[in-house]
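Here's the structure, in structure tokens; my notes come after.
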Amino acid sequence: YIMREKILEALKDETKGQDINTINSKIQIKGVEGVKELETTLAELVKEGIVHMSKNHEYLLMSNTKSLRVGILKINKNGNGFVECEPEPVFVHNDDLLGAINGDFVEVEIKTRLSDPNPEGYIRNVLKRDLKTVVGEIVKDKKNLAFKADDEKLNIAVKLTKDSMKGCVEGHKVIVSIIKEIGNRTFLGKVERIIGHKNDPGVDILTIAAKHSIETIFSEAVLNELKNIPDTVCENDLIGRTDLTKEMIFTIDGDDTKDIDDAISVKKDGNNYILGVHIADVSNYAKVGTALYDSAFSRGTSSYLADTVIPMLPHQLSNGICSLNPEVVRLTISCVMTINDAGKVIDYDIFPSYIKSRKQMTYKNVNKILDENKVPKGYEEFVDTLKTMHELAKILRKEKINRGYIDFGIDEAKVIQDKKGRAIDIVKRVQGTGEKLIEDFMIAANETVATHISNMDLPFIYRVHDLPNAEKIEDFCNLIKQLGYQVHTNLNKITPVTMQKLLDEFRDKDEFVILSDMLLRSMKKAIYSTNNIGHFGLASKNYTHFTSPIRRFPDLTVHRLLRTYLFENRIDLETINFNAKYLIDVAEHSSETEVNSIEAERDVLDMKMAEYMEKHVGEEYDGIISGVTNFGLFVELDNLVEGLVHISTLNGFYTYVPEMLSLISSNKKKKYRIGDKVRIIVTKASKKQGIIDFELVGDNNGNNK
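All you need for our numbering is the position in the sequence shown, starting with 1, plus 848.
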């Protein structure tokens, strides 16, 4: 660590490459061992992308180079790639990849002007290849069985050891571990696990999960530990907990939810509301040092892929002893808040408890009561409480909006599948009154817990969302001005309130969903961190994830910390130092597993949308242009299915004008821009590739007229 600091200090102000002797003369390393350490540390810094090494073995800080960037290479379906780096991703043509493959950590040199908003470059070095496993299919190659990677973007060949192929048949989906590279883009591997046959129900989704390193099977060690976990709450576990079993507490979830980790209660106290948010105490069962805990850390999150749930915890916990099922005693951690009629939390208590949920309610039935004043059977005794909750939820939402809470209004798609696992419909996921009510209550609890620990100034894990990049917001505004919209919001100072006002300017426009999505993409992503910089999107100074410990490891960690700091009062120096270091790893790993899960969800959605549209080739739909590129138009249908209208199918010659997000015909008479309404016909859909192709009706080289 000291050597790293010395090297970085020596290179800090240099704008030209320095050889190892020059660096050594600056930091004055003596002895053979010292020089070896210098060489090793320089090599590490190069691999990490912190230092650039020229062909002449001269070293320069990457941040001091003019045209070099480092990042992860993502190859798209046509073989070209983007290097994900700051401040903008860099496009790399497939001729300029230098043998780099999808997922490599690379050094890229920008070859266009540095001021170009869409920079292009070429790969200089592959710094790290993180190719440990590949998912694919056992296929027939002449008379023999061979392996074909599912991810065509990898563009590699993998030869399998004969022993590992025992039991494999044509059509099996398998996970292959890479042993070594044996040639250019050629690797030796062995079959680690057979996922199943490609025609078996659900194997398509499990294959995508495997591609994103999502574990679907629990280890023998975890399964052995489950034998010691009870099916009902033990008397000993109730000691030191507050008995809330006589309180009016219940749960509200989706129709098919089986892992219930939050329950709620509310009472009026004059003009104030007493809101109780009671969360499953998973930390009582998944304890530090157990295989269960290690497995939860490794997975990081549950993944919801279409109607397949890949849980963070085994079903015995997630659907059993930890799930807040009705009419059974369950262990919880409660956050009970006193909230005034302005939506401010004026008092609160956080404590271990146990509850007995009165009813497992569904959003559908709660919405009937709150939206239609219709009372489903079995809900009669809860109507008054639900209406009081609705009152409070409206107050909380108003308070959030007043401080700048940003509602992007982005719709989500839901896949409906038949019993054989085939997509039979794509519908919009509805967020009704009940869904918003639960969201408001969970945010209140998350903020209260985060504020309490923040005030104690103890190591903690926060959910943070950084300020947007001012230049990106300016680019967005310039773009929509080019599209003909007026921007009245003063953007001199970017705050949640200004972002909210900017969105509200377009909320009544037909193109709102597209513009909202564009603005969202220009903002940074929320992550987990030990550095509490606040949550911009929620306009919250202190925010964490406390309410879903069955589904997310950060929430389980927050519970462990509450137990340590508050219930056991362990705030000694050793505990603080341990958490200060350990929580950095938790935050980074949890953010990574969250991204893996989100990307898997997107891949499954693309696949299932394509599978659904395979039955609708030749049909016409109305849509809206959701994206414009140099190779065509992306069009989104009412059910959120998106397809590509390739530029070659347009009638005439079109030029891509990026600053206007438009394709404009050579005679300037025809223009297609983002937000335009169009009529399309479905020309192709491929589940295997996860792609859908459209053509515009009436403008497609004479076809389908």
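Ideal Cβ positions, reconstructed from N, Cα and C, are used throughout, including at glycine.
Inter-residue distance for Ala-948 and Lys-922 is about 10 angstroms (C-alpha atoms, whole angstroms). Per DSSP, reduced to three states, the secondary structure at Lys-1516 is coil, with no helix or strand assignment. Using a Cβ distance threshold of 8 angstroms, Leu-1339 and Cys-1325 count as a contacting pair. The beta carbon of Asp-1314 lies closer than 8 angstroms to those of Lys-1372, Ile-1381 and Phe-1384 in the same chain, with the five residues before and after it left out. Taken through DSSP and simplified to helix, strand or coil, Phe-1324 comes out as helix. Membership of Glu-934 in any beta strand (DSSP E) is not indicated, and neither H nor E is assigned to it by DSSP.
Take Lys-1262, set aside five residues on each side of it, and the residues of its chain with a beta-carbon closer than 6 angstroms to its own are Val-1275 and Arg-1277, in chain order. Boundaries for Asp-861: no alpha helix (DSSP H) harbours it, and the DSSP string shows neither H nor E there. For Glu-1484, the enclosing beta strand (DSSP E) starts and ends at 1480-1485. Apart from the 5 residues on each side of it in sequence, His-941 sits with its Cβ closer than 6 angstroms to the Cβ of Asn-928 in its chain, given in chain order. With a 10 Å radius around the Cβ and a threshold of 16 neighbouring Cβ atoms, Gly-1088 comes out exposed. Linking Ile-877 to Ser-902 through their CA atoms gives a straight-line distance of about 22 angstroms.
Leu-856 sits away from Gln-866, with the two beta carbons spaced by 8 angstroms or more.
CA-to-CA, the gap between Val-1335 and Leu-1363 works out to about 13 angstroms. Exposure of Asn-1072 is indicated by the presence of fewer than 16 other C-beta atoms within 10 angstroms of its C-beta. DSSP places Gly-882 in no beta strand (DSSP E) but in the uninterrupted alpha helix (DSSP H) bounded by 880-895. Burial state of Thr-1055 is buried, judged by a 10 Å Cβ sphere holding 16 or more other Cβ atoms. In the structure shown, Val-1545 falls within a coil segment according to DSSP collapsed to helix, strand and coil. Sorting Asp-1433, Ile-1321 and Leu-1386 by C-alpha distance to the C-alpha of Lys-1248 places Leu-1386 at the top.
In the structure shown, the three-state DSSP call for Arg-1089 is coil. Close CB contacts of Ile-1053 within its chain, under the 7 angstroms cut and outside five residues either way in sequence, are with Leu-1153, Ala-1154, Thr-1156 and Val-1452 (chain order). No residue range can be given for Asp-964, since it is assigned to no alpha helix (DSSP H) and is classified by DSSP as neither H nor E. Distance between Thr-888 and Met-851, taken at the CA atoms: about 10 angstroms.
Val-1312 sits close to Ile-1375, with the two beta carbons spaced by under 8 angstroms. Its chain contains Ile-1062, Thr-1149 and Ser-1151 as the residues whose beta carbon lies nearer than 7 angstroms to that of Ser-1445, once the 5 sequence neighbours on both sides are disregarded; these appear in chain order. Going by C-alpha positions, Tyr-1141 is about 45 angstroms away from Lys-914. Sixteen is the threshold: when 16 or more other Cβ atoms of the shown chains lie within 10 Å of the Cβ of Ile-1301, as they do, the residue is buried.
Between Lys-996 and Val-983, the beta carbon gap of about 11 angstroms keeps them out of contact (Cβ cut-off 8 angstroms). A contact between stretches requires three or more CB pairs, one per stretch, nearer than 8 angstroms, and the region 1100-1109 meets this requirement with the region 1208-1220. A distance below 8 angstroms between beta-carbons, with the five flanking residues on each side excluded, links Asp-1117 to the following residues of its chain, in chain order: Thr-1186. DSSP places Gln-1348 in the helix class (H, G or I) of the three-state scheme. Here Glu-1018 has Ile-986, Val-987, Lys-988 and Leu-993 as same chain residues with Cβ atoms under 8 angstroms from its own Cβ, once five neighbours each way along the sequence are excluded. Arg-1450 counts as exposed, since fewer than 16 other C-beta atoms from the protein chains shown sit within 10 angstroms of its C-beta. Excluding residues up to 5 positions away in sequence, Val-1177, Tyr-1202, Ile-1203 and Lys-1204 lie with their Cβ nearer than 8 angstroms to the Cβ of Thr-1093 in the same chain. Burial is judged here by how many other beta carbons sit within 10 angstroms of a residue's own beta carbon; Phe-1501 has fewer than 16 and is exposed.
Within the same chain, Cβ atoms closer than 6 angstroms to the Cβ of Leu-946 are found at Ile-971, the five residues on either side in sequence being excluded.
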